[in-house]
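The block underneath contains the structure these notes are about, expressed in structure tokens.
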Ligand code: MN
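Numbering (the numbering used here), first residue to last: 75 to 363.
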């Protein structure tokens, strides 16, 4: 069976976002605009906030894609124009299909704002195919306790299956196009071979420790995004203790991408339409008591 190798490594650096958010963002960056069908990956933190310091993203719109939030530490409260309110706690995933349009806020829980605390997590933007860009918004919550997880008999390797399928374990989240999203946890020297369908574009993002990838054992370290060749399996081997990496893959849409901030469509005309719809209030508003 052919194994995926590293095509290219993109290094990410910790930076402070507009809102005061500390993130590592491997893409979009000058070196990599997007990796079809993925539009953005943010590692939020890890940040240790003092009392009154924690920040998030207040009311803002989205249309034309999905946002996938995966918390590792801390807790975010999500509220939106469809009347949903949910807490995303450590280990939880919220898979939000913005589709036709939502306004939402993503803010640290009150107890973190007041007392401070550690915040660490990821947000991935998954593009929607042209046929799905205007579908009704949808939210899928997968709680930490119900996350499908594979563990090696030795206890030295674990894989959380957030989307798709790996090592015989099926994810709970439903996706509009075939997507694989795995969180891989390895002890030093442990290895795992994952089946990732060859037609899916794939990358690994290392966020703790270090790995070697593929038969050629190319190294990727904390903060590195490794873009992978297309083949049907992926070999990861930890080269440091407490190694953690996301493996994210999806079938490319091969459609034009027109993006403007929180809107991702196929044409410039559709972007103008999205801005007009948002400005004229057609996305609704978050109702707060
Ligand atoms: Mn958002």
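The beta carbon of each residue, even a glycine, is placed where N, CA and C say it ideally should be.
Taking residue 189 as part of the alpha helix (DSSP H), name the residues at either end of that continuous run. Within the chain shown, the letter at position 115 stands for residue 189. Where residue 189 is concerned, the enclosing alpha helix (DSSP H) stretches over 184–189.
Looking at the unbroken alpha helix (DSSP H) that takes in residue 351, where does it start and where does it end? Translated into positions along the chain shown, residue 351 becomes position 277. Its alpha helix (DSSP H) spans residues 342–353.
Taking three-plus beta-carbon pairs below 8 Å as touching, is the region 98–115 in contact with the region 285–300? yes
Contact belief for residue 80 with residue 287 at Cβ below 8 Å, rounded distance in angstroms: Against the chain shown, residue 80 aligns to sequence position 6. Against the chain shown, residue 287 aligns to sequence position 213. Right, their Cβ atoms sit about 5 Å apart.
Let me check you understand the geometry: is the CB of residue 141 closer than 7 Å to at least one non-hydrogen atom of the ligand MN? In the chain shown, the residue the question calls residue 141 occupies position 67. Correct: residue 141 has its Cβ closer than 7 Å to the ligand MN.
What does the alpha-carbon distance come out to for the pair residue 319 and residue 269? Against the chain shown, residue 319 aligns to sequence position 245. Against the chain shown, residue 269 aligns to sequence position 195. For residue 319 and residue 269, the distance between alpha carbons rounds to 16 Å.
Give the DSSP-derived three-state secondary structure of residue 294 in the structure shown. By one-based count along the chain shown, residue 294 stands at place 220. Residue 294 falls in the strand class under three-state DSSP.
DSSP state of residue 219, grouped into three classes? Residue numbering aside, residue 219 sits at position 145 when the chain shown is read from its first letter. Looking at residue 219 - three-state DSSP - the assignment turns out to be helix.
So what does residue 234 bridge to, in DSSP terms? Counting from 1 along the chain shown, the entry for residue 234 is found at position 160. 223 and 257.
What do you reckon, are the CB atoms on residue 275 and residue 324 nearer than 8 Å? As a position in the chain shown, residue 275 is number 201, starting the count at 1. As a position in the chain shown, residue 324 is number 250, starting the count at 1. Yes.
Rounded Cβ spacing between residue 148 and residue 125 (contact assumed at less than 8 Å): For the purposes of this step, residue 148 is taken as the residue at position 74 of the chain shown. For the purposes of this step, residue 125 is taken as the residue at position 51 of the chain shown. Not a contact, Cβ separation roughly 14 Å.
For the region 304–314 against the region 245–252, do three or more pairs of beta-carbon atoms, one drawn from each stretch, fall closer than 8 Å, so that the two count as touching? no
Where do the N-terminal and C-terminal ends of the beta strand (DSSP E) with residue 83 fall, by residue? What you label residue 83 is simply residue 9 of the chain shown in a count that begins at 1. Here the beta strand (DSSP E) through residue 83 covers 80–85.
Rounded C-alpha distance that separates residue 256 from residue 116: Translated into positions along the chain shown, residue 256 becomes position 182. Translated into positions along the chain shown, residue 116 becomes position 42. Each residue's Cα considered, the two are about 16 Å apart.
Going by beta carbon distance, what residues of the same chain come within less than 6 Å of residue 145, once the five residues before and after it are set aside? As a working note, residue 145 is residue 71 in the chain shown. Answer for residue 145: 162, 164, 166 and 195, listed in chain order.
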